[in-house]
Amino acid sequence: MPNQLTIAIAGATGAVGREMLTCLEKRRFPHARLRLFASARSAGTALPFAGCELTVEALTADALAGIDIALFSAGSSITRDLAPAAARHNCVIIDNSSAFRMDPSVPLVVPEVNPAALVAPTNKVLSVKWSAQPVPAIVANPNCSTIILLMALTPLRTAFGIERAVVSTYQAASGAGAKGMDELEEQTRADLRGERPAPKVFHEPYAFNLFSHNTAIDPLTGLNVEETKVILETRKIWGEESLPPAQRAAITATCIRVPVRRAHAESVNITLRREATARQVREALAAFPGVQVVDDRDTNNFPTPLKASGKDEVLVGRIRPDASLLAPDELARLARDRGGLDDIPCRGFDLFICGDQLLKGAALNAVQIAELLIK
Ligand SMILES: NC(=O)c1ccc[n+]([C@@H]2O[C@H](COP(=O)([O-])OP(=O)(O)OC[C@H]3O[C@@H](n4cnc5c(N)ncnc54)[C@H](OP(=O)(O)O)[C@@H]3O)[C@@H](O)[C@H]2O)c1
Numbered sequence: 002m003p004n005q006l007t008i009a010i011a012g013a014t015g016a017v018g019r020e021m022l023t024c025l026e027k028r029r030f031p032h033a034r035l036r037l038f039a040s041a042r043s044a045g046t047a048l049p050f051a052g053c054e055l056t057v058e059a060l061t062a063d064a065l066a067g068i069d070i071a072l073f074s075a076g077s078s079i080t081r082d083l084a085p086a087a088a089r090h091n092c093v094i095i096d097n098s099s100a101f102r103m104d105p106s107v108p109l110v111v112p113e114v115n116p117a118a119l120v121a122p123t124n125k126v127l128s129v130k131w132s133a134q135p136v137p138a139i140v141a142n143p144n145c146s147t148i149i150l151l152m153a154l155t156p157l158r159t160a161f162g163i164e165r166a167v168v169s170t171y172q173a174a175s176g177a178g179a180k181g182m183d184e185l186e187e188q189t190r191a192d193l194r195g196e197r198p199a200p201k202v203f204h205e206p207y208a209f210n211l212f213s214h215n216t217a218i219d220p221l222t223g224l225n226v227e228e229t230k231v232i233l234e235t236r237k238i239w240g241e242e243s244l245p246p247a248q249r250a251a252i253t254a255t256c257i258r259v260p261v262r263r264a265h266a267e268s269v270n271i272t273l274r275r276e277a278t279a280r281q282v283r284e285a286l287a288a289f290p291g292v293q294v295v296d297d298r299d300t301n302n303f304p305t306p307l308k309a310s311g312k313d314e315v316l317v318g319r320i321r322p323d324a325s326l327l328a329p330d331e332l333a334r335l336a337r338d339r340g341g342l343d344d345i346p347c348r349g350f351d352l353f354i355c356g357d358q359l360l361k362g363a364a365l366n367a368v369q370i371a372e373l374l375i376k
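Below is the structure:
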């Protein structure tokens, strides 16, 4: 039956859409037909897929007829506009935008973290010919920074509990789509010629600069939209929404754009609920599917955006006890006593994480959700 599916990408010409094409091809996603959609501007464009060329069509409500699963990455307003038509046509949406992420009837899923959310009862379901069970009408892909963070924190939460996490992100230009990447490249070239063109996509010059994330700040919380997403989406994915505050992971975030083309980095300070050693933290991370530990202190080999670019795995390194809990002289003394840094029990740790936000943070996660749905 999966081989008879008609699937679609809405936003196929965009930064995420193009990666979806690659993921579907690389993972040999079963289907009979793949249709590509974008705005009317791109209608007629040919995109390569599995050795042939597919023609992009203009996305309309009627175009969704006959499609079984549509991977949407065309922005929130388009998902909101087309969701009712998709439901009428029995077309399941897997959406990369933030339109429905916090809707209680829409599962928000990272397949390695909360696959059960896909089968939890929800009042927005479709009865489709390709599944014996009703399937969710819409499944939301979390924010890219959230996915990358939770790939690293979830195994630690499972093994030791997480009381608190302080997150600082270093986010790539392509997180703002193809136009974000273009602005970084154009401004860098212009800067090297001694020119300073006015920013168009971002609110600050991007070449040789970094700045607070380009989303609006809520005057009531002081958090920008990206920071708020990391905090609230984590709570939903971990199923902590109805828990009293003391039982939830307390999370705060500072989100920053850096002049990197692709892959987000995150520095995270965590407080565990139970003591662990760096060795145990590293082992829990290494055993989690989709995580690769890159943590060699001797050679200074740690995650970087370039190492993470084009990779399905989220890279984690710089795993070390929090030196604000065990001061460096105390840490050094304990390390000498125990023959190294990795066997000191502690509740606080620092980590550095890098993940390709176009892949695991968007396209790959969406395709993995589709794979789970058709299983
Ligand atoms: N970039 C990331 O790292 C990332 C990560 C996670 C989630 N997301 C989310 O994924 C979505 C897409 O992001 P992106 O970075 O791929 O953006 P992008 O590069 O700007 O691409 C946007 C896509 O949407 C299409 N589109 C725009 N207006 C349309 C319309 N009226 N009708 C149909 N299609 C339309 C564009 O088609 P044309 O080429 O014809 O304009 C293009 O294919 C956004 O909701 C974003 O927040 C992005």
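Just so we're on the same page, this note's numbering is the position in the sequence shown counted from 1, plus 1.
Virtual Cβ for every residue (Gly too), placed ideally from N, Cα, C.
Point to revise | Cβ neighbour criterion (16 or more within 10 Å) applied to residue 244 | key: exposed
Point to revise | Span of the beta strand (DSSP E), counted from its first residue to its last, around residue 1 | key: Residue 1 is absent from the model: the chain starts at 2 and stops at 376.
Check your understanding: If we count the other Cβ atoms within 10 Å of its Cβ and call it buried at 16 or more, is residue 25 buried or exposed?
Key -> buried
Point to revise | residue 313 - DSSP class collapsed to helix/strand/coil | key: coil
Review point. So the beta strand (DSSP E) residue 134 belongs to, where does it begin and stop?
Key: Per DSSP, residue 134 belongs to no beta strand (DSSP E) and is neither H nor E.
Practice item. Sort out for me which residues DSSP pairs residue 293 with in a bridge. Key: 316
Point to revise | Helix, strand or coil at residue 126 according to DSSP, with G and I counted as helix | key: strand
Check your understanding: How is the alpha helix (DSSP H) around residue 43 delimited, first residue to last?
Key -> Per DSSP, residue 43 belongs to no alpha helix (DSSP H) and is neither H nor E.
Exercise for review: Can you give me the Cβ contacts of residue 35 inside the same chain, cut-off strictly under 6 Å, excluding the 5 residues immediately before and after it?
Suggested key: 8
Review point. Taking contact to mean at least 3 C-beta pairs separated by less than 8 Å, is the stretch 173-190 in contact with the stretch 280-291?
Key: no
Exercise for review: Please work out which residues of its chain come closer than 8 Å, Cβ to Cβ, to residue 248, disregarding the five sequence neighbours upstream and downstream, and give them in chain order.
Suggested key: 241
Exercise for review: For my contact list, residue 304 and residue 266 are in at a C-beta cut-off of 8 Å; report their separation, rounded to the angstrom.
Suggested key: 7 Å
Check your understanding: What first and last residue would you give for the alpha helix (DSSP H) that runs through residue 223?
Key -> Careful: residue 223 lies outside any alpha helix (DSSP H) and carries neither H nor E.
Exercise for review: Pick helix, strand or coil for residue 275, following the three-state DSSP scheme.
Suggested key: strand
Review point. Does any heavy atom of ligand 1 sit closer than 7 Å to the C-beta of residue 42?
Key: yes
Exercise for review: Could you say which of 5, 262, 270 lies nearest to residue 130 if we only look at CA atoms?
Suggested key: Distances from the alpha-carbon of residue 130 to those of 5, 262, 270 put 5 closest.
Review point. Cβ atoms of residue 37 and residue 55: under 8 Å apart, would you say?
Key: yes
Review point. Got a sec? Which residues, its chain only, sit under 6 Å from residue 107 by beta carbon, not counting five neighbours each side?
Key: 101, 139, 141
Practice item. Within its chain, find whatever has a CB closer than 7 Å to the CB of residue 373; leave out the 5 residues flanking it on each side and keep chain order. Key: 112, 116, 119
Review point. Are the CB atoms of residue 217 and residue 226 nearer to each other than 8 Å?
Key: Result yes, Cβ atoms of residue 217 and residue 226 sit closer than 8 Å.
Check your understanding: Does DSSP put residue 206 in a helix, in a strand, or in coil?
Key -> coil
Exercise for review: With hydrogens ignored, establish whether the beta-carbon of residue 203 is closer than 7 Å to any heavy atom of ligand 1.
Suggested key: It does not: the Cβ of residue 203 is nowhere closer than 7 Å to a heavy atom of ligand 1.
Check your understanding: Is the stretch 43-53 in contact with the stretch 330-343, if contact means three or more CB pairs nearer than 8 Å?
Key -> no
Practice item. Find out if the Cβ-Cβ distance for the pair residue 306, residue 349 is shorter than 8 Å. Key: no
Check your understanding: Within 7 Å: the Cβ of residue 240 and any heavy atom of ligand 1?
Key -> No; taking the cut-off as 7 Å, the Cβ of residue 240 has no heavy atom of ligand 1 nearer than that.
Point to revise | Contact test: residue 97 Cβ vs ligand 1 heavy atom, cutoff 7 Å | key: yes
Exercise for review: Reducing DSSP to helix, strand and coil, say where residue 324 ends up.
Suggested key: coil
Practice item. Please report the Cβ distance between residue 1 and residue 342, rounded to the nearest whole angstrom; I am assuming they are in contact, meaning their Cβ atoms lie under 8 Å. Key: The structure shown has nothing for residue 1, since the chain only spans 2 to 376.
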